[in-house]
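To start, the structure itself, in structure tokens.
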Amino acid sequence: NAGVTQTPKFRVLKTGQSMTLLCAQDMNHEYMYWYRQDPGMGLRLIHYSVGEGTTAKGEVPDGYNVSRLKKQNFLLGLESAAPSQTSVYFCASSPTSGDYNEQFFGPGTRLTVL
Amino acid sequence: AQKITQTQPGMFVQEKEAVTLDCTYDTSDQSYGLFWYKQPSSGEMIFLIYQGSYDEQNATEGRYSLNFQKARKSANLVISASQLGDSAMYFCAMGAGGGYQKVTFGIGTKLQVIP
């Protein structure tokens, strides 16, 4: 049981390049999330999904797109990377049963945009 | 809109002592949940404890307890008998609203345990 995994762990991009971050979970969770973590700002929600085929905007969605074609995967795309997108990106998932269950986090992806 | 406020950028505590990390929140929702996460220097996010807005008793998980004061909108984390391994960033978070679990995080408190 791997939990939540993220690919890649590190990436360096040049301004204007595109890339996709992959998040996978094997816990059969309905909800999945993408956050970014910047120094002094905690975690901020980029996009989230409440089920396969559905996505929604979070607090800081501009410059990012997401897709949830399969329940276990949640992809985060940067179409034209900017230095302001240099950050650590965390994916998380949570089940729907119960009340406000904890989110299970992946190990993070450190992205640098030059 | 939801808001989480953590006003202590950094805290020091002597090993084996107890420490309280402050968290206040703001929401118009009647039903919500409060979480605490730990982030050690290795970077992973570790869930510590959860408190529901309708829970009458404070949540406890081992050495962690959540001092929930609903009227004051505070959800402080208390760590008893601090250990060197408790040195980390601690984030308070809140989930609210129906139909999805949109969670808002505070900016965190850096705790350092002194031997």
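From first to last, the protein sequence lines are chains A and E. Take the first sequence: its position 13, counted from the start at 1, is 13 in the working numbering, and no numbers get skipped. Take the second sequence: its position 52, counted from the start at 1, is 1052 in the working numbering, and no numbers get skipped. Quick reminder that beta carbons are idealized off the backbone N, C-alpha and C, glycines included.
Query: Endpoints, the beta strand (DSSP E) within which Asp1026 of chain E is located; Result: Thr1024 to Asp1026
Query: Minimum Cβ-Cβ distance from Lys1102 of chain E to chain A less than 8 Å; Result: yes
Query: Buried versus exposed, by CB contacts within 10 Å (16 or more), Gln85 of chain A; Result: buried
Query: Reference Ser49 of chain A, options A:Thr5, A:Pro8, A:Leu76 and A:Thr109, closest by Cα; Result: A:Leu76
Query: Start-to-end residues for the beta strand (DSSP E) that takes in Met1089 of chain E; Result: Ala1088 to Ala1096
Query: Backbone CA spacing between Ser18 of chain A and Ser87 of chain A [nearest angstrom]; Result: 15 Å
Query: Length of the line joining the Cα atoms of Ala1081 of chain E and Thr20 of chain A; Result: 43 Å
Query: Residue burial classification, Lys1038 of chain E (beta-carbon count within 10 angstroms, cutoff 16); Result: buried
Query: Members of the region 1032-1045 of chain E that neighbour chain A once the beta carbon cut-off is set at 7 Å; Result: Gly1033, Phe1035, Gly1043, Glu1044 and Met1045
Query: Cutoff 8 Å: Met32 of chain A Cβ touching any chain E Cβ; Result: no
Query: Within 8 Å, strictly: CB atoms of Thr1020 of chain E and Val1078 of chain E; Result: yes
Query: Cross-strand partners of Thr55 of chain A (DSSP beta bridge); Result: None; Thr55 of chain A has no bridge partner.
Query: Check whether Phe105 of chain A and Glu1061 of chain E have beta carbons under 8 Å apart; Result: no
Query: Classification of Tyr35 of chain A by the beta-carbon crowding that lies within 10 angstroms, buried from 16 upward; Result: buried
Query: Where the beta strand (DSSP E) containing Ile1107 of chain E begins and where it ends; Result: Ile1107 of chain E -> no beta strand (DSSP E), and no H or E assigned at all.
Query: Chain-ordered residues of the region 9-42 of chain A with a beta carbon less than 9 Å from chain E; Result: Tyr31, Tyr33, Tyr35, Gln37, Gly40, Met41 and Gly42
Query: 7 Å Cβ cut-off: residues of chain A touching Phe1068 of chain E; Result: Going along chain A, no residue has its Cβ under 7 Å from Phe1068 of chain E, so there is no contact; the nearest lies around 14 Å.
Query: Assigned secondary structure, Gln1057 of chain E (DSSP; H/G/I helix, E/B strand, else coil); Result: coil
Query: Coil, strand or helix - Leu75 of chain A by DSSP; Result: strand
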